[in-house]
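Participant: In the numbering used here, the protein residues as written are 8 to 413.
Glycine included, each C-beta is placed from N, C-alpha and C at the ideal position.
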């Protein structure tokens, strides 16, 4: 597990460092498909990149760190779990006496959360989180007295109540540096109607106090002495989460009944050298990658209409293999929402994919719009396919999908 985006972790992936991914695949297939010993049976079950602290940036070329290894997962030795209460004084590890703290986040919370599935484009990672934290309920630790390394999935236990039957909670764990800048380390989400079961969700009973758990995404991250940990909770996280149909207020009963569990890990004497580093033994087919667009992220506010619009244009991809086959794709996603109007959320997506070889070429162009009312998701899709410059197929679809406690 490395620091990479949603891309192949050889020369294409960012952030680095890259690895000999094709070599890793070849060794695995040799061992398990051909019966050729390659040494993979003797290696640790898990190798993970332990990231060093980094400032909040929308793009990273590389992430400093080191490879750490575990012979099995979960480890035979216990991780050093670290539990911090959500103190009634808004301090992680603070006052355990109970106090009710309400949160009703504006719909724009999440716009500065980075891209849900990053491809290594500029703007894919989350910037400084102080703005998002101002729209959230936060609990912050004192400065750490010693370095802390985390490997695994943090877990947040919350004692909550809500004023409506439908609500959601977004949880982020951030690292705060001495200058106040805040970097997202990991996050997790829970539709609170799924608090007991994903298979059989059930509405919340307004005002009933219940205990819920939110599992955060796995991480391998070091936090330096002097940094602080901050847990940020919000009831919105657009466009990562589709908004609940009404503004819910979630009350967190801080104190002994709400706490954060961290998968703290002690460094081991022999961490290993990491995955296969050399790309010479399994080179890819000769190819050339060009990009006409480097990717961008633009957030625009219309103050008169209170309308926010986020346009995410991914990096165009143009691949040519051995001078013959060529494939490229492009297209933006546009997310819109109006403050205080959760049913105003819409997503417009466009994709154009072209494939050509010598004198032959084909294209598929797709548009889709997603919106919702109080009861359903409404999706309109249009597709046109062409070959040699002539349309050969066109179709439109309209879907109405029940929200089913979303």
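Taking residue 422 as the reference, which of 194, 169, 90 and 170 has the closest Cα?
Facilitator: Absent from the structure is residue 422, since the part of the chain shown begins at 8 and ends at 413.
Participant: I need the straight-line Cα distance from residue 257 to residue 293, nearest angstrom please.
Facilitator: Counting from 1 along the chain shown, the entry for residue 257 is found at position 250. Counting from 1 along the chain shown, the entry for residue 293 is found at position 286. Their Cα atoms are separated by approximately 55 Å.
Participant: So the candidates are 182, 117, 196 and 139; which of them puts its Cα closest to the Cα of residue 151?
Facilitator: If you number the chain shown from 1, residue 151 lands on position 144. Here the closest residue by C-alpha is 182.
Participant: Out of 347, 304, 359 and 282, which has the shortest C-alpha to C-alpha gap to residue 33?
Facilitator: Within the chain shown, the letter at position 26 stands for residue 33. Of 347, 304, 359 and 282, the residue nearest in Cα terms is 282.
Participant: Could you check what DSSP says for residue 139 in three-state terms: helix, strand or coil?
Facilitator: By 1-based counting over the chain shown, the position of residue 139 is 132. Three-state result, residue 139: helix.
Participant: Who does residue 57 pair with in a DSSP beta bridge?
Facilitator: Mapped onto the chain shown, residue 57 falls at position 50. Looking at the DSSP assignment, residue 57 forms a beta bridge with 73.
Participant: Sorted by chain position, which residues of the same chain lie with C-beta nearer than 6 Å to residue 163's C-beta, five sequence neighbours on each side aside?
Facilitator: Residue mapping note: residue 163 aligns to position 156 of the chain shown, counting from 1. Cβ within range, chain order: 178, 221 and 267.
Participant: According to the Cβ coordinates, are residue 190 and residue 22 closer than 8 Å?
Facilitator: As a first step, residue 190 is located in the chain shown; it is residue number 183 there, counting from the start. As a first step, residue 22 is located in the chain shown; it is residue number 15 there, counting from the start. No, the pair does not count as a contact, with Cβ atoms beyond the cut-off.
Participant: How far does the alpha helix (DSSP H) with residue 32 in it reach, from first residue to last?
Facilitator: Within the chain shown, the letter at position 25 stands for residue 32. It spans 28-39 - the alpha helix (DSSP H) in which residue 32 sits, taken as one unbroken run.
Participant: Do residue 227 and residue 377 have their C-beta atoms within less than 8 Å of each other?
Facilitator: Counted from its first residue, the chain shown places residue 227 at position 220. Counted from its first residue, the chain shown places residue 377 at position 370. The answer is no: Cβ separation not under 8 Å.
Participant: Which of the three DSSP states is assigned to residue 47 in this structure?
Facilitator: If you number the chain shown from 1, residue 47 lands on position 40. Here residue 47 sits in helix by DSSP.
Participant: Might you give, ordered along the chain, the residues of its own chain that have their beta carbon closer than 7 Å to the beta carbon of residue 104, omitting 5 neighbours on each side?
Facilitator: Locating residue 104 in the chain shown gives position 97, counting from the first residue. Excluding sequence neighbours, residue 104 sits near 95 and 262.
Participant: Rounded to the nearest angstrom, what separates residue 326 and residue 338 at their Cα positions?
Facilitator: Here residue 326 refers to the residue found at position 319 when the chain shown is read from its first residue. Here residue 338 refers to the residue found at position 331 when the chain shown is read from its first residue. Near 16 Å, if we compare the C-alpha coordinates of residue 338 and residue 326.
Participant: For residue 124, write down the residues that DSSP places opposite it in a beta bridge.
Facilitator: Residue numbering aside, residue 124 sits at position 117 when the chain shown is read from its first letter. DSSP output for residue 124 lists no bridge partner at all.
Participant: Where do the ends of the beta strand (DSSP E) carrying residue 198 lie?
Facilitator: Position 191 of the chain shown, counting from 1, holds the residue named residue 198. Taken as a continuous stretch (DSSP letters only), the beta strand (DSSP E) holding residue 198 covers 189-198.
Participant: What span of residues does the beta strand (DSSP E) with residue 245 cover, start to end?
Facilitator: Taking the chain shown and counting its residues from 1, the one referred to as residue 245 is at position 238. Unbroken run through residue 245: none, as it is neither H nor E.
Participant: Going by C-alpha distance, which of 362, 110 and 247 is nearest residue 123?
Facilitator: Translated into the one-based positions of the chain shown, residue 123 becomes position 116. Residue 123 has its Cα closest to that of 247, out of 362, 110 and 247.
Participant: What's the call for residue 215, buried or exposed, on a 16-neighbour Cβ count within 10 Å?
Facilitator: Against the chain shown, residue 215 aligns to sequence position 208. Classification for residue 215: exposed.
Participant: With a CB to CB cut of under 7 Å and the five nearest residues on each side skipped, what residues in its chain are close to residue 404?
Facilitator: Stepping through the chain shown from its first residue, residue 404 is reached at position 397. The residues are 388.
Participant: Could you tell me whether the region 8-28 touches the region 66-80, using the rule of 3 or more Cβ pairs below 8 Å?
Facilitator: Taking 8 Å as the limit for Cβ pairs, the verdict is that the region 66-80 does touch the region 8-28.
Participant: Could you give the residue range of the beta strand (DSSP E) that holds residue 134?
Facilitator: Within the chain shown, numbered from 1, the residue matching residue 134 stands at position 127. Careful: residue 134 lies outside any beta strand (DSSP E) and carries neither H nor E.
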